[in-house]
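Participant: Sharing a structure below in structure tokens format, with a few things to ask.
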Amino acid sequence: METNLNKNVIKKPHDLFVDIITKSYEDKNQNTYNNAIKNMKFVIPQGELCCLVGPSGCGKTTLLNLLSGLDNKVEGVIKYQDGTIPNDWPIGYMFQEPRLMPWLTVKQNVSIVTNQTSEEIAHSEKLINEMGLIKYMNAFPSQLSGGMQRRVAIARAFVNKPKILLLDEPFISLDLTVANLLRQMLIKLWENQKNTIIFVTHDLREAMYLSDRILFLSKGPSKVIHDFKINMKRPRKTEDDQMENLRIELIKKHPEILSGKI
Amino acid sequence: MFNNIIKNKFTNYFFKNSINVRILSFVLLILVWEVLALLVKSDVLPTPKTVLIIFFNEMIYGEMLYHLGITLWRVLLAFTIAMLIGTGLGIAMGSKKNLNIMLDGWHILLLNTPALVIIILCYVWFGLNEIAAITAVSLNKIPNVLVTIREGTRAIDRKILEVADVFKVSYKKKFINFFLPQLYPFIMAAARGGISLIWKIVLVVELLGRSNGIGFKLNEFFNLFDIASLFAYTLSFVTVMIFVEYAIISPIERRLNKWRPT
Numbered sequence: 000m001e002t003n004l005n006k007n008v009i010k011k012p013h014d015l016f017v018d019i020i021t022k023s024y025e026d027k028n029q030n031t032y033n034n035a036i037k038n039m040k041f042v043i044p045q046g047e048l049c050c051l052v053g054p055s056g057c058g059k060t061t062l063l064n065l066l067s068g069l070d071n072k073v074e075g076v077i078k079y080q081d082g083t084i085p086n087d088w089p090i091g092y093m094f095q096e097p098r099l100m101p102w103l104t105v106k107q108n109v110s111i112v113t114n115q116t117s118e119e120i121a122h123s124e125k126l127i128n129e130m131g132l133i134k135y136m137n138a139f140p141s142q143l144s145g146g147m148q149r150r151v152a153i154a155r156a157f158v159n160k161p162k163i164l165l166l167d168e169p170f171i172s173l174d175l176t177v178a179n180l181l182r183q184m185l186i187k188l189w190e191n192q193k194n195t196i197i198f199v200t201h202d203l204r205e206a207m208y209l210s211d212r213i214l215f216l217s218k219g220p221s222k223v224i225h226d227f228k229i230n231m232k233r234p235r236k237t238e239d240d241q242m243e244n245l246r247i248e249l250i251k252k253h254p255e256i257l258s259g260k261i
Numbered sequence: 000m001f002n003n004i005i006k007n008k009f010t011n012y013f014f015k016n017s018i019n020v021r022i023l024s025f026v027l028l029i030l031v032w033e034v035l036a037l038l039v040k041s042d043v044l045p046t047p048k049t050v051l052i053i054f055f056n057e058m059i060y061g062e063m064l065y066h067l068g069i070t071l072w073r074v075l076l077a078f079t080i081a082m083l084i085g086t087g088l089g090i091a092m093g094s095k096k097n098l099n100i101m102l103d104g105w106h107i108l109l110l111n112t113p114a115l116v117i118i119i120l121c122y123v124w125f126g127l128n129e130i131a132a133i134t135a136v137s138l139n140k141i142p143n144v145l146v147t148i149r150e151g152t153r154a155i156d157r158k159i160l161e162v163a164d165v166f167k168v169s170y171k172k173k174f175i176n177f178f179l180p181q182l183y184p185f186i187m188a189a190a191r192g193g194i195s196l197i198w199k200i201v202l203v204v205e206l207l208g209r210s211n212g213i214g215f216k217l218n219e220f221f222n223l224f225d226i227a228s229l230f231a232y233t234l235s236f237v238t239v240m241i242f243v244e245y246a247i248i249s250p251i252e253r254r255l256n257k258w259r260p261t
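Sequence order for the protein chains is A and B.
Position one of the first sequence corresponds to residue 0 (numbering that gives the first Met the number 0), numbered consecutively onward.
Position one of the second sequence corresponds to residue 0 (numbering that gives the first Met the number 0), numbered consecutively onward.
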């Protein structure tokens, strides 16, 4: 398979290849098929934190569903370097809302998605502790703030040591301080586990703070219109001149990518 | 004025405790009964004291406990069968549209057939035996359970089930830990309504075709015009049902609702 991977980079077994020819869905009202994704092609090296940025309705959630295996009706290929597909391995997922089980405690909410062996339960506790929620181990989600609920969701996303972690605008509708704290926590866990992360957002600042690389998507039918690498050291600052300059430069150079017109 | 303050303090304190109000309401009931019985002065309305004496006599020296046990056994059996079948059908019909269309007509037919008709038909078809009795009671309750559980199934939050899917939780675990807990309030509502309906129908079934149980005895007392004994037997059964409510159903409900914010 033809790849965009730099030939100098050593191939790893879980480099992710995505080559979607078309992904369409049925419009039941009009009885037609609409293309959500067309000719989308990219490679994400194992362990990379990659942000997807695009206008709303560009099929980002559709793409995540394909990657997670929730949806497998697609014309195209999604697979790892070693020939397995993402669904063969543990997957971590974070939704726009925390989506915790209200009837389970914090600890149960995290461990419920594991096989609940004693090691896995211990690992759940460790992650909850790293999220600064040790006091809330046995609390119910209704007793937590929105930011704390998201922290539980982060712990849950990492608990199975997933090969790939999919995040669908997880920090939307949070105030800036809380969102920044959560981003730092996310980076910390990722640096421990070195999972491949695909982070969907429409906030360019967030994408620049978090990622190694940003893929800009067009409006539907969606494809990659720009591939932007960020070679900045971590820990990064949230308000940083260097980053701000990079952002302005990017927008100047490629005014079309965020215009929503393509 | 000082007096008034003390009085207010007392009434405030008294009515704050819901147990006190319950006791007051119970004492009032007995008082009204006593006064009415004294006014009527007839065997048709025995005084609380007469009923209580017969109650303890029958319990210690008579057959009351035997008949009570038989009736309770039938209630328990019919309740379990109705809950299991009603819940199963409710879930199936709530989640499968075509099955619902298929069975809905039968369901409405059964829901609207008078209890008495079902009882008579069961005795005619299966004979005057235990199986006919239990079947008749269960058949009367199943449609009600079904309605409640079907509503519950339709109200299931798909987003929670999606969490189970992306984290690749086994089908069994998804059902027990992600699906059923969402149904608990509906199952509890069905159970609560179920117990009170079932014990009433069990008495009718016993009256029409069994030679033991509370219903059978009530018929006997009716024929002998022994209203005091009729009261005593009713009292025994009501006592047991109140016990079931406070000692079994309420604690289960509290346990299931522990996570709800108060």
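Built from N, CA and C at the ideal position, the CB exists for glycine as well.
Report, in whole angstroms, the separation of the C-beta atoms of Leu-216 (chain A) and Lys-37 (chain A), which I expect to be a contact under 8 angstroms.
Facilitator: Between Lys-37 (chain A) and Leu-216 (chain A) the Cβ distance is about 11 angstroms, and since that is not below 8 angstroms, they are no contact.
Participant: Find the residues of chain A that neighbour Trp-258 (chain B), judging by a C-beta separation of less than 7 angstroms, and give them in chain order.
Facilitator: Here the neighbours are Pro-101, Trp-102, Phe-139, Ser-141.
Participant: Just checking my contact of Lys-193 (chain A) with Trp-88 (chain A) at CB under 8 angstroms: how many whole Å lie between their CB atoms?
Facilitator: Between Trp-88 (chain A) and Lys-193 (chain A) the Cβ distance is about 14 angstroms, and since that is not below 8 angstroms, they are no contact.
Participant: Does the distance from the C-beta atom of Glu-96 (chain A) to that of Thr-21 (chain A) stay below 9 angstroms?
Facilitator: For Glu-96 (chain A) and Thr-21 (chain A), no; Cβs fall outside 9 angstroms.
Participant: How big is the Cα-Cα spacing for Val-146 (chain B) and Ile-200 (chain B)?
Facilitator: One C-alpha to the other measures close to 19 angstroms.
Participant: Work out the CA separation of Asn-19 (chain B) and Thr-10 (chain B) for me, nearest whole Å.
Facilitator: Looking at the two C-alpha atoms, the distance is approximately 11 angstroms.
Participant: Compute the Euclidean distance between the alpha carbons of Lys-251 (chain A) and Gln-107 (chain A), then round it to the nearest angstrom.
Facilitator: Rounded to whole angstroms, Lys-251 (chain A) to Gln-107 (chain A) spans 48 angstroms at the Cα level.
Participant: Spatial neighbours of Glu-124 (chain A) within its chain, please: C-beta separation below 6 angstroms, excluding the five flanking residues on both sides.
Facilitator: Around Glu-124 (chain A): no qualifying Cβ.
Participant: Put Ile-53 (chain B) into one of helix, strand or coil per three-state DSSP.
Facilitator: DSSP places Ile-53 (chain B) in helix when its eight states are reduced to three.
Participant: Buried or exposed for Ala-152 (chain A), going by 16 or more other Cβ atoms inside 10 Å?
Facilitator: It counts as buried.
Participant: Does any residue of chain A have a CB that is nearer than 9 angstroms to the CB of Asn-262 (chain B)?
Facilitator: Because residue 262 (chain B) is not part of the residues shown, which for chain B are 0 to 261, the question remains open.
Participant: Using the C-alpha atoms, what's the distance from Leu-202 (chain B) back to Lys-48 (chain B)?
Facilitator: When rounded, the distance between both Cα atoms is 25 angstroms.
Participant: In the structure shown, what three-state DSSP assignment does Asn-191 (chain A) receive?
Facilitator: Reduced to three states, the DSSP call for Asn-191 (chain A) is helix.
Participant: Measure the C-alpha to C-alpha separation of Pro-45 (chain B) and Leu-229 (chain B) and round it to an integer number of angstroms.
Facilitator: About 10 angstroms.
Participant: Counting only beta-carbon atoms, is Trp-247 (chain B) nearer than 9 angstroms to chain A?
Facilitator: Here residue 247 (chain B) turns out to be Ile, not Trp, going by the sequence shown. No - not a single Cβ of chain A is within 9 angstroms of the one on Ile-247 (chain B).
Participant: Under 9 angstroms, do Ile-266 (chain A) and Val-168 (chain B) count as touching if we go by C-beta distance?
Facilitator: The displayed coordinates of chain A run from 0 to 261. Any statement about residue 266 (chain A) would go beyond what the structure contains.
Participant: Using only alpha-carbon positions, find the residue among A:Gln-241, A:Thr-104, A:Asn-159 that is nearest to Glu-118 (chain A).
Facilitator: Selected option, being the one with the closest Cα: A:Asn-159.
Participant: Would you kindly check if the distance between the Cβ of Leu-164 (chain A) and the Cβ of Ala-156 (chain A) is under 9 angstroms?
Facilitator: Yes, the pair counts as a contact, with Cβ atoms nearer than the cut-off.
Participant: Should Thr-112 (chain B) and Gly-212 (chain B) be called a contact, given that it needs their Cβ atoms to be closer than 9 angstroms?
Facilitator: Not a contact, by the Cβ cut-off of 9 angstroms.
Participant: To the nearest angstrom, how far is the alpha carbon of Leu-160 (chain B) from that of Met-92 (chain B)?
Facilitator: Each residue's Cα considered, the two are about 18 angstroms apart.
Participant: Rounding to the nearest angstrom, what Cα-Cα distance links Val-17 (chain A) and Pro-101 (chain A) in this structure?
Facilitator: Near 36 angstroms, if we compare the C-alpha coordinates of Pro-101 (chain A) and Val-17 (chain A).
Participant: Using a C-beta to C-beta distance shorter than 8 angstroms, which residues of chain A count as neighbours of Ile-159 (chain B)?
Facilitator: Residues of chain A passing the Cβ test: Arg-98, Met-100.
Participant: Determine the chain B residues that contact Ser-123 (chain A) at a beta-carbon separation under 7 angstroms, and present them in chain order.
Facilitator: Neighbours of Ser-123 (chain A) on chain B: none; closest Cβ ~13 angstroms, over 7 angstroms.
Participant: Give a yes or no on whether 9 angstroms exceeds the smallest Cβ distance from Tyr-183 (chain B) to chain A.
Facilitator: True, the Cβ-Cβ gap to chain A drops below 9 angstroms.
Participant: Can you name the residues of chain B whose CB is closer than 7 angstroms to the CB of Val-112 (chain A)?
Facilitator: Going along chain B in sequence order, the residues near Val-112 (chain A) (Cβ under 7 angstroms) are Phe-166, Val-168.
Participant: Pairing CB atoms from the stretch 76-92 of chain B with CB atoms from the stretch 174-190 of chain B, are three or more of them under 8 angstroms?
Facilitator: The stretch 76-92 of chain B is in contact with the stretch 174-190 of chain B.
Participant: Taking beta-carbon pairs under 9 angstroms, can you tell me which members of the stretch 65-94 of chain A lie near chain B?
Facilitator: From the stretch 65-94 of chain A, only Ser-67, Gly-68, Leu-69, Asn-86, Pro-89, Ile-90, Gly-91, Tyr-92, Phe-94 have a Cβ closer than 9 angstroms to chain B.
Participant: Grab me the residues of Ser-137 (chain B)'s own chain with a C-beta within less than 6 angstroms of its C-beta, minus the 5 sequence neighbours each way, in chain order.
Facilitator: So the list reads Ala-77, Ile-80, Ala-81, once near-sequence residues are dropped.
Participant: What did DSSP end up calling Phe-14 (chain B) once you bin it into helix, strand or coil?
Facilitator: Residue state, collapsed to three classes: helix.
Participant: Going by beta-carbon coordinates alone, are Leu-179 (chain B) and Phe-54 (chain B) separated by less than 9 angstroms?
Facilitator: Result no, Cβ atoms of Leu-179 (chain B) and Phe-54 (chain B) do not sit closer than 9 angstroms.
Participant: Can you tell me the Cα-Cα spacing of Ile-127 (chain A) and His-66 (chain B), whole angstroms?
Facilitator: Roughly 56 angstroms between the two C-alpha positions.
Participant: Please list, in chain order, all residues of the same chain as Ile-56 (chain A) whose beta carbon is under 8 angstroms from its beta carbon, the five residues on each side excluded.
Facilitator: Note that residue 56 (chain A) corresponds to Gly in the displayed sequence, not to Ile. Closer than 8 angstroms at the Cβ level, and outside the excluded window around Gly-56 (chain A), lie Lys-218, Gly-219.
Participant: Based on the DSSP secondary-structure assignment, which residues constitute the bridge partners of Cys-57 (chain A)?
Facilitator: For Cys-57 (chain A), which the question treats as bridged, DSSP gives no partner whatsoever.
Participant: Using a C-beta to C-beta distance shorter than 7 angstroms, which residues of chain A count as neighbours of Val-162 (chain B)?
Facilitator: The contacting residues are Arg-98.
Participant: Would you check if the stretch 182-196 of chain A and the stretch 25-36 of chain A touch, i.e. whether three or more CB-CB distances between them fall below 8 angstroms?
Facilitator: Too few Cβ pairs lie closer than 8 angstroms, so no.
Participant: Within 9 angstroms (strictly less), CB to CB, does Arg-155 (chain A) reach chain B?
Facilitator: Closer than 9 angstroms: yes.
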